[in-house]
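Numbering (my numbering), first residue to last: 75 to 246.
Okay, here's the thing in structure tokens:
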């Protein structure tokens, strides 16, 4: 994996460091759960694990959003080349302009993600995964059904990337 741009490189490095810290915390929790020691404060280590998992996912989402913005910029640039003179309707109201802006943005987002399915899958997976640490840390309380659905969708996205390796997000 080789990232040439500073933002993805920094995000990936910090995300991986936080993932390592998460696994260390998780291993300490495992040591307590199998009874090798009972002197470990389970709640403290569970919160540390959730915090590092959250940071890892948050940094991965920042990288995904950065990649999406670059992709949207590229799609908009390509689109502008195709359309030499955009036609404007002079009889538009302010509400129409705001709706049109939102529709244009969503269409650009859709086109950008359609061109890069691995980026779409990684973003969906990270968004679904972040629900659990948000709940554990008390940042955003959710019900178990939503967290379970997020876990299911994340697992499906993960299985897709294992079954079809070309759909795994690669850093360029």
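Here a beta-carbon is modelled for each residue, glycine too, at the ideal position from N, C-alpha and C.
8 Å Cβ cutoff met for residue i and residue j
i: residue 196; j: residue 138; result: yes
i: residue 201; j: residue 135; result: yes
i: residue 227; j: residue 198; result: yes
i: residue 178; j: residue 146; result: no
Euclidean distance between Cα positions of residue i and residue j
i: residue 88; j: residue 113; result: 30 Å
i: residue 209; j: residue 84; result: 26 Å
i: residue 141; j: residue 116; result: 37 Å
i: residue 149; j: residue 176; result: 16 Å
i: residue 122; j: residue 212; result: 13 Å
i: residue 81; j: residue 241; result: 22 Å
i: residue 237; j: residue 231; result: 10 Å
i: residue 233; j: residue 203; result: 14 Å
From the options, residue whose alpha carbon lies closest to that of residue i
i: residue 91; options: 108, 216 and 132; result: 132
i: residue 245; options: 237, 119, 190 and 118; result: 190
i: residue 143; options: 184, 235, 95 and 94; result: 184
Supposed contact pair residue j and residue i - C-beta distance, whole angstroms, cut 8 Å
i: residue 224; j: residue 205; result: 4 Å
Any 3 or more C-beta pairs closer than 8 Å across the segment 139-155 and the segment 121-131: no
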